[in-house]
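Accompanying notes for the structure given below.
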Amino acid sequence: MANSRIVLDPDIRAVVDQIQSKTRTASPSQAIALMVSRYGRHLIETWELDPNRYPDPSPSSSYSAAEPPAIAPAAESASTDFRFTEPIEL
């Protein structure tokens, strides 16, 4: 087994400590090794996504022509006489 030393910022160390507690690993090194073994390959493969491999989904692939997307009904308690009185500045 190769030995390596890493330095973690306090915020990152707190997350590693939470992972160690949740996974019941014996040390921060084991918690980091667990994360790398479970999620490392995914991170490497998806760090820079290829837009040709993952194109934007088209609405037609999500909904059939006979089934338009459902729109949530308006809340009954919502006031229908609301009006904007001031212009919106962006």
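Those letters in the sequence shown? Residues 1 to 90, by my numbering. Note that the Cβ used here is the ideal one computed from N, Cα and C, for glycine as well.
Cβ neighbour criterion (16 or more within 10 Å) applied to ALA31
buried
Is DSSP giving GLU48 helix, strand or coil here?
coil
Segment limits, alpha helix (DSSP H) that includes THR23
Where THR23 is concerned, the enclosing alpha helix (DSSP H) stretches over 10-23.
For a test of the three-state rule: what should DSSP assign to VAL36, helix, strand or coil?
helix
In this structure, does DSSP put ALA31 in helix, strand or coil?
helix
Per DSSP, what kind of secondary structure is ARG41 in: helix, strand or coil?
helix
Which of the three DSSP states is assigned to PRO59 in this structure?
helix
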